[in-house]
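Letter by letter, the sequence shown follows residues 39 to 256 in the working numbering. Working notes, structure below.
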Amino acid sequence: MKYIPTALWAMLETLQMAFIGTVIGVVIGLPLSMLSARNLNSKYVYAPTRALLAIIRTFPSILWALLFVIMVGLGPYAGVLAIVMYTIGFVTKLQYESIETIDSDPMDAVSSIGVSKFQLIRYVVLPESASHLLGQILYMFDYNVRQTSILGIVGAGGIGFFIINYIKFFEYGKAAIFLVIVLITVLIIDWVSVKIRDKYIIKSQHGVEIKPKKSLFS
39 MKYIPTALWA MLETLQMAFI GTVIGVVIGL PLSMLSARNL NSKYVYAPTR
89 ALLAIIRTFP SILWALLFVI MVGLGPYAGV LAIVMYTIGF VTKLQYESIE
139 TIDSDPMDAV SSIGVSKFQL IRYVVLPESA SHLLGQILYM FDYNVRQTSI
189 LGIVGAGGIG FFIINYIKFF EYGKAAIFLV IVLITVLIID WVSVKIRDKY
239 IIKSQHGVEI KPKKSLFS
């Protein structure tokens, strides 16, 4: 039982890494998703942007973590950078695909009055894709918590660092305590994510259409 406080502290560090990495990744990825959308840009803009994102997605988070451990050293900083890169690659793809499904009528109507690209994105694209983005952020954070839990294998901080070291020295009882903490945390995050989705997002029978049940800011 004396290892529970250490496990909780390590889990808190893991959550912080996942949260910071997800937030930074989404902040960087959102503009990139706008550049990647075919209904917003010419092929000379979206094609190279998509190619860059495809390269980023090629590497799993564990390889990004290994790369950043080599570059910046052991610790959570390398883990956060790995999660940032992983989030950029995937949340951008999810978001530009949702942008491309936006009904062209409101976009054409707004464009016909001579608004700028920035105004089109602000008043049409973002409101139309807001609930999609919320679902993607929840998904990425949930997934990133799981990913961050294993980045310690390569020395990138988090609870995985403790787990792999206990297993290495055959201290399976201690490792089990940390694994149980991870399991409980993931289950809680899943439950909270479901509650948020139920509050703000409703899906059609085919699971394609997603609309906000209420304002994201209410």
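Where a beta carbon is used, it is the ideal one built from N, C-alpha and C, also for glycine.
Exercise. Report buried or exposed for Thr130, applying the criterion of at least 16 other Cβ atoms within 10 angstroms of its Cβ.
Key: Reading the sequence shown from its first residue, position 92 is the one you call residue 130. Classification of Thr130: buried, given that the 10 Å Cβ count is 16 or more.
Exercise. Evaluate Phe199 with the Cβ neighbour count: other Cβ atoms within 10 Å of its Cβ, from every protein chain shown; 16 or more gives buried, anything less gives exposed.
Key: The residue labelled residue 199 in the question sits at position 161 within the sequence shown. With 16 or more neighbouring CB atoms inside 10 Å of its own CB, Phe199 falls in the buried class.
Self-check item: Simplified DSSP assignment, three categories, for Ser187
Solution: Here residue 187 is taken as the residue at index 149 of the sequence shown, counted from 1. Coil, per DSSP.
Practice problem: Return yes when the Cβ of Val118 is within less than 7 angstroms of the Cβ of Gly59, no when it is not. | Solution: Here residue 59 corresponds to residue number 21 of the sequence shown, with the count starting at 1. Here residue 118 corresponds to residue number 80 of the sequence shown, with the count starting at 1. Remark: C-beta atoms of Gly59 and Val118 approach each other more closely than 7 angstroms.
Quiz item: Roughly how many angstroms lie between the CA atoms of Ile248 and Val163, to the nearest whole one?
Solution: Taking the first residue of the sequence shown as 1, we reach residue 248 at position 210. Taking the first residue of the sequence shown as 1, we reach residue 163 at position 125. Unreliable positioning characterises Ile248 in this predicted model, as indicated by a pLDDT of 45, which lies under 50. A coordinate reading is not provided.
Quiz item: Three-state secondary structure (DSSP) at Gly67?
Solution: Counting from 1 along the sequence shown, the entry for residue 67 is found at position 29. Three-state DSSP puts Gly67 in a helix.
Quiz item: Rounded to whole angstroms, how far is the Cβ of Gly63 from the Cβ of Val122, which I believe are closer than 8 angstroms?
Solution: Reading the sequence shown from its first residue, position 25 is the one you call residue 63. Reading the sequence shown from its first residue, position 84 is the one you call residue 122. The beta-carbon distance between Gly63 and Val122, rounded to whole angstroms, is 5 angstroms. This is short enough to meet the 8 angstroms contact definition.
Exercise. May I ask which residues mark the beginning and end of the alpha helix (DSSP H) holding Pro98?
Key: If you number the sequence shown from 1, residue 98 lands on position 60. Where Pro98 is concerned, there is no enclosing alpha helix (DSSP H), given that its DSSP letter is neither H nor E.
Practice problem: Give every residue of the same chain whose Cβ lies closer than 6 angstroms to the Cβ of Ile151, excluding the five residues on either side of it in the sequence, and list them in chain order. | Solution: Numbered from 1 along the sequence shown, position 113 holds the residue referred to as residue 151. Excluding five sequence positions before and after Ile151, none of the CB atoms of its chain fall closer than 6 angstroms to its own CB.
Self-check item: C-alpha gap between Met178 and Thr96, whole angstroms
Solution: Counted from its first residue, the sequence shown places residue 178 at position 140. Counted from its first residue, the sequence shown places residue 96 at position 58. Roughly 17 angstroms separates the two Cα atoms.
Exercise. Would you please state the rounded distance, in angstroms, between the beta carbons of Met72 and Thr186? I believe it to be under 8 angstroms.
Key: Stepping through the sequence shown from its first residue, residue 72 is reached at position 34. Stepping through the sequence shown from its first residue, residue 186 is reached at position 148. Rounded, the Cβ-Cβ distance is 27 angstroms, inconsistent with contact.
Quiz item: Buried or exposed: Leu70, going by 16 or more other Cβ atoms within 10 Å of its Cβ?
Solution: Translated into positions along the sequence shown, residue 70 becomes position 32. Counting of Cβ neighbours within 10 angstroms places Leu70 among the buried residues, the total reaching 16 or more.
Quiz item: Apart from the five residues just before and just after Arg235, which ones in its own chain have a Cβ nearer than 7 angstroms to its Cβ?
Solution: Residue numbering aside, residue 235 sits at position 197 when the sequence shown is read from its first letter. If the five residues before and after Arg235 are omitted, its C-beta is found closer than 7 angstroms to the C-beta atoms of Gly173, Leu176, all from its own chain and listed in chain order.
Quiz item: Do Ala103 and Ala194 come within 7 angstroms of each other at the CB atom, strictly closer than that value?
Solution: Translated into the one-based positions of the sequence shown, residue 194 becomes position 156. Translated into the one-based positions of the sequence shown, residue 103 becomes position 65. Yes, these two residues count as a Cβ contact at 7 angstroms.
Quiz prompt | CA nearest to the CA of Pro144, picked from Gln133, Glu135, Arg160 | solution = As a first step, residue 144 is located in the sequence shown; it is residue number 106 there, counting from the start. Among Gln133, Glu135, Arg160, the Cα nearest to that of Pro144 belongs to Arg160.
Exercise. Alpha carbon to alpha carbon, how far is Gly127 from Val153? Give it in angstroms, no decimals.
Key: As a position in the sequence shown, residue 153 is number 115, starting the count at 1. As a position in the sequence shown, residue 127 is number 89, starting the count at 1. The C-alpha of Val153 lies about 30 angstroms from the C-alpha of Gly127.
Exercise. Grab me the residues of Tyr204's own chain with a C-beta within less than 6 angstroms of its C-beta, minus the 5 sequence neighbours each way, in chain order.
Key: Counting from 1 along the sequence shown, the entry for residue 204 is found at position 166. Once the five neighbours on either side are set aside, the close Cβ partners of Tyr204 are Lys212, Ala213.
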